[in-house]
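Heads up: the structure comes next, in structure tokens.
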Amino acid sequence: MKFDIILNQVIVLFIIMIAGIAAGKGGIITDGAAKKLSELLLYVTSPMMILGSFFFEYSRDKLLDALLVFALGSLFFVLTIILSKVLFNRYDEKKKPILRFAAVFSNCGFIGLPIMKALFGNDGVFYGSFYSIAYNIFIWTFGVAIFSERKGEKRTVETLKKVLLNPAIIAVYIGLAVFVLRVPVPGAVKEAVDHIGNMTLPLSMLIVGSSISTVKIKTLFNDFKVYYISIIRLIAVPLLAYFLLRFAGLPVMPVSIVITALAMPAAANTTIFSSLYDRDAVFASKVVTFSTMLSIVTVPLIVSLL
6 MKFDIILNQV IVLFIIMIAG IAAGKGGIIT DGAAKKLSEL LLYVTSPMMI
56 LGSFFFEYSR DKLLDALLVF ALGSLFFVLT IILSKVLFNR YDEKKKPILR
106 FAAVFSNCGF IGLPIMKALF GNDGVFYGSF YSIAYNIFIW TFGVAIFSER
156 KGEKRTVETL KKVLLNPAII AVYIGLAVFV LRVPVPGAVK EAVDHIGNMT
206 LPLSMLIVGS SISTVKIKTL FNDFKVYYIS IIRLIAVPLL AYFLLRFAGL
256 PVMPVSIVIT ALAMPAAANT TIFSSLYDRD AVFASKVVTF STMLSIVTVP
306 LIVSLL
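The opening position of the sequence shown corresponds to residue 6 in our numbering, with each subsequent residue numbered one higher.
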């Protein structure tokens, strides 16, 4: 059953991605249009998806477990950031940020949350949302930083402010206030936020598909770096988490959520950020596409360990 659930989620993504490929091949989504769609996703739909993840009730026990998910997720972001520095620092400036980003950030939202819901029910979404909070904090700080830095550049306080005050992080601030203070949210507001946030999945896959439309499919299989990062992303990182957490005496659910999130393929934002910051978007598309294809096999295997 788990394999069928995961396979179904991946097939859904591929169908949307194929539509993006067709739109790219047909000239509907041009390079300029893809960049504007990327901006729409990163600055509008993604923040709404984040905000909407805070609109749920909680109990004290669930809150404590959810905070553990956040803490463990943050810990593994730090560990994978260090690991990515060691593994990929020798690569050229066009590919290094892509490799580091893909090693650190999985597709824990677009693929991960639906799989968590299917495996663990509504509790999976609840706990997964707290992992997503850590994900968004790190992606909009470390993620932006590695793509925006240039050799010899110095990071200023002003740059740090821009990173910390972007729309996604502001959505986290607002969401935390609503969550902690238990502010009642009108149904119409919830529905509007959900509708906008729900655009994120199809929009991101259309963008990835349009980028793939510029790639010759056979080139997906002739670049060793694509294989290398996919193995790190899909096998090494989740297995590291499994052996560190599974026998640590921690509650089963938080550990299962973190390992499931880490087992997902490279984040779609790998391609989107590459496009926004003028890095090798074609290579990024290869990484996202190949790791997603390979995840059909690896994710069920990792999840079966839980």
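We put the beta carbon where it would ideally sit given N, CA and C, even for glycine.
Over what stretch of residues does the alpha helix (DSSP H) that includes residue i continue unbroken?
| i | result |
| --- | --- |
| Asn127 | Asn127 to Phe143 |
| Phe314 | The structure shown has nothing for residue 314, since the chain only spans 6 to 311. |
| Glu196 | Gly192 to Gly202 |
| Lys100 | Unbroken run through Lys100: none, as it is neither H nor E. |
| Gly180 | Pro172 to Leu186 |
| Ile151 | Val149 to Ser153 |
Using only alpha-carbon positions, find the residue among the options that is nearest to residue i.
| i | options | result |
| --- | --- | --- |
| Thr276 | Met269, Ala289 and Ser215 | Ala289 |
| Tyr282 | Ile264, Ala39 and Gly32 | Ala39 |
| Phe75 | Val109, Asp97, Ala139 and Leu225 | Ala139 |
| Ser58 | Lys230, Asn274 and Val190 | Val190 |
| Ala24 | Glu62, Leu208 and Tyr233 | Leu208 |
| Ile212 | Lys41, Ala197 and Lys100 | Lys41 |
| Ile262 | Ser309, Leu12 and Ser296 | Ser309 |
Please go through the same chain and pick out, in chain order, the residues whose beta-carbon is closer than 6 Å to the beta-carbon of residue i, but skip the five residues on each side of it.
| i | result |
| --- | --- |
| Val188 | none |
| Ser218 | Ile26, Gly29 and Lys30 |
| Leu206 | Phe115 |
| Ser89 | Arg105, Ala108 and Val109 |
| Ile307 | Pro243 and Ala268 |
| Pro172 | Tyr48 and Pro52 |
With DSSP collapsed to three states, give me the class of residue i.
| i | result |
| --- | --- |
| Ser309 | coil |
| Ala111 | Residue 111 is actually Ser in this sequence, not Ala. Note: Ser111 maps to strand in three-state DSSP. |
| Ala272 | coil |
| Ala253 | coil |
| Tyr312 | Only positions 6 to 311 of the chain appear in this structure, which leaves residue 312 out of reach. |
| Asp228 | coil |
| Leu118 | helix |
| Thr219 | coil |
| Asn13 | helix |
| Arg238 | helix |
| Phe295 | helix |
| Arg95 | coil |
| Pro259 | helix |
| Pro207 | helix |
Within the same chain, show all residues whose beta-carbon is closer than 7 Å to that of residue i, passing over the 5 residues directly before and after it, in chain order.
| i | result |
| --- | --- |
| Val260 | Leu250 and Arg251 |
| Thr86 | According to the sequence shown, residue 86 is Ile rather than Thr. Cβ neighbours of Ile86 beyond the five flanking positions: Val109 and Phe147. |
So, for residue i: in the same chain, excluding its five sequence neighbours on each side, which residues have a beta-carbon less than 8 Å away from its beta-carbon?
| i | result |
| --- | --- |
| Met258 | Asp70, Phe125, Asp128 and Tyr132 |
Which full runs of the alpha helix (DSSP H) of 4+ residues lie inside the segment 25 to 87, going along the chain? Entirely contained in the segment 25 to 87, the alpha helix (DSSP H) runs reaching 4 residues are, in chain order, 36 to 45 and 51 to 57.
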